[in-house]
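Contents: one structure, followed by commentary.
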Amino acid sequence: MADYIKPFPNIKNPIDGHIHMHRWYDTENNIDFLHGLEDYRRECGLKYIALAPLPSGNAIPVSRDVSNNIICAFYKLLNENTFSYGGYIYPSYPANAEKMQGMDFASQHRELIEIGFDGIKMLEGKPNLYSLVDNPLDSEFFEPAFSEMEKNGTYILMHVRDPECFWTEPTEERIRKKWYYGDGSYPSFDQFFEQIENVLKKHPQLNLCLAHFFFCSREPEKLAKLLDTYPNLTVDITPGGEMYIDFDKRAEYFKEFFEKYADRIIFGTDMDFPVYMEAGKWLCDRVYRFLATDEELMSFDDHRLKGIRIEQGALQKIFSDNLLEKLGGKPREINKEALKRYIEKYKHLIRDKDLARFIDELSQKYL
Ligand SMILES: [Zn+2]
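Numbering (the working numbering), first residue to last: -19 to 347.
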C-alpha cells in the first residue's frame, strides 16, 4: 500500500531530533521499552535518534513525571546511537521557586548534565502545561533556568504555543483534550511569541531550538527576523501537518527560506514508543521527499503536496549536520553513579508504584 522510497538517500548520518517515550511497555506487542525504537531507527535508515522526555504535568498518562527522564536515560544507556534531552520537574503545581528548594533549576540542570543528557527539553510553553506551571516564560521564575542554560551553551528543544487555530476554532476534540486556548484563560498566540522574544532579548546567546517551526508557517517573516537577530536560535520542522500545507501554499518563498536558513533548521518526527511503524516511515518519507524532491505526494490531512526540492547541501544540514553539531557530534555517555543518585533523590515523585519497582529492578540490573 505504501510507496515509501528508502528514506534519506544521500544523507550522511541522518538524525531524528524529536522523539518521545510514552510508555515502559508495549502491551499490544508484549515488549518492553529497552530497545523499543531500534527497529524504527534501522528501518528508516536513521543513524541516530534523540529522545525528548516529558517529565512534567499531571495529566494522563501517569508516566509524565520524573520517570520519563529516567526511562530516556536507561534507553540511552542501552542503545548507543541515542541522544536524549532531560526535562525539568516540579514537585507540585502551580510551580514556585520556594517549593523547588533543593531542586532549583540550576541544581536540576547540573544533575541532568551529570547523568549524561545531551540537552534539555522544555514543554513548558505548550499552553496546557504552561497554565499548570502558571509562570510566564519571561518571568523571574524561569530566569535562573535560562541563565544557566545560556551560560553552559546547553541545547534546548522547546515547545512553545500550538497551531493558531487552537485559539480560534473550538472543535469538540480540542475542548475534550484541553487544547482549545481561546477562552480567555491563556495568553494569546502572539503573546507567546512576545514572551520568547523577551527571553531571547535577555539571553541572546541561548542555544534554543523552537519545536514545530515555532508555529510560524503563516508568519515566516516574523521568524526570519528572530533568526537574523539571534545567532544560536534554530527551529525544528517536526510536523504539525498544517505547517507543510502552509509551506506548500508559498512554495517559492519557502524554498528560498529553507536554503537561506539551512543551518538553522532541524529535522524531527515526534515519533514515540510504542512505535507505530507505518506512521514513522510515512513521516520520514514525506518530510524528506517534500524537501528533497519535486514529486507530488499525498500528504498531511490528505493534502496533495508538491516537493520544493532544496539543494543537497541544505538537506545534509537539516537532516543531520545542524543537530549533530549542536549536540557535540556523538551521544554523551551515561554516568551510572549520577543516574543512581538522581533516581534515589526523586523516586518518591513517581506516581505509578509498579513503575517505581520496575525502575528499582532496572537499577539493580544495569547501574
Ligand atoms: Zn513532541
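From the three backbone atoms N, C-alpha and C, an ideal C-beta is built for every residue, glycine too.
- Counting only runs of 3 or more residues that sit fully inside the stretch 35 to 87, the beta strand (DSSP E) segments are 62 to 67, in chain order.
- A direct Cα-Cα distance of roughly 49 Å separates E341 from R198.
- Looking from the CA of P167, the closest CA among F121, G105, F234 and L307 belongs to G105.
- Relative to L31, the option among D252, I314, L295 and W159 whose CA is nearest is D252.
- Burial check for H(-2): the Cβ neighbour count within 10 Å reaches 16 or more, so the residue is buried.
- Between E18 and N10, the alpha-carbon positions lie close to 16 Å from each other.
- Here the alpha carbons of G133 and E313 stand approximately 18 Å from one another.
- Not one heavy atom of ligand 1 falls within 7 Å of the beta-carbon of H15.
- By the Cβ neighbour-count rule, R266 is buried, with 16 or more other Cβ atoms within 10 Å of its own.
- Secondary structure remark: continuous beta strand (DSSP E) runs of at least 3 residues inside the stretch 243 to 306, in chain order: 251 to 253, 276 to 278 and 284 to 286.
- Remark: C-beta atoms of L92 and L58 do not approach each other more closely than 8 Å.
- Each of L103, T218 and L303 was checked against the Cα of V140, and the nearest Cα belongs to L103.
- A distance below 8 Å between beta-carbons, with the five flanking residues on each side excluded, links D274 to the following residues of its chain, in chain order: K286, G287, I288 and R289.
- In the DSSP assignment, the residues bridged to G99 are Y65.
- The alpha-carbon separation between P219 and I51 amounts to approximately 24 Å.
- A direct Cα-to-Cα measurement between E120 and A259 gives close to 40 Å.
- In the three-state reduction of the DSSP assignment, I(-15) falls in the coil class, being assigned neither a helical nor a strand state.
- The Cβ-Cβ distance between M223 and F193 falls below 8 Å.
- Relative to the Cα of A318, the nearest Cα in the group F97, W4, R3 and K297 belongs to F97.
- Within a 10 Å sphere around the beta-carbon of M80 sit 16 or more other beta-carbons, which makes this residue buried.
- The beta carbon of P74 is closer than 6 Å to those of D114 in its chain, skipping five residues each way along the sequence.
- Here H89 is buried. Its C-beta has 16 or more other C-beta atoms within 10 Å.
- Residue burial is scored here from C-beta neighbours: M257 has fewer than 16 other C-beta atoms within 10 angstroms and is therefore classed as exposed.
- The three-state secondary structure of C189, taken from DSSP, is strand.
- Those residues placing their Cβ nearer than 7 Å to any heavy atom of ligand 1 are, following chain order, H(-2), H0, A32, H139, A191, T218 and D250.
- Considering only V179, L271 and D170, the residue with the shortest C-alpha distance to T209 is V179.
- Looking only at P(-13), I69, K240 and I(-5), the smallest Cα-Cα distance to Y326 is reached by I69.
- Relative to the Cα of K157, the nearest Cα in the group G308, N108 and F338 belongs to N108.
- At a Cβ-Cβ threshold of 8 Å, I29 and N61 count as neighbours.
- Ranking K182, D332, F237 and S72 by CA distance to the CA of K202 puts F237 first.
- Taking the C-beta atoms as reference points, L263 is found no nearer than 8 Å to F270.
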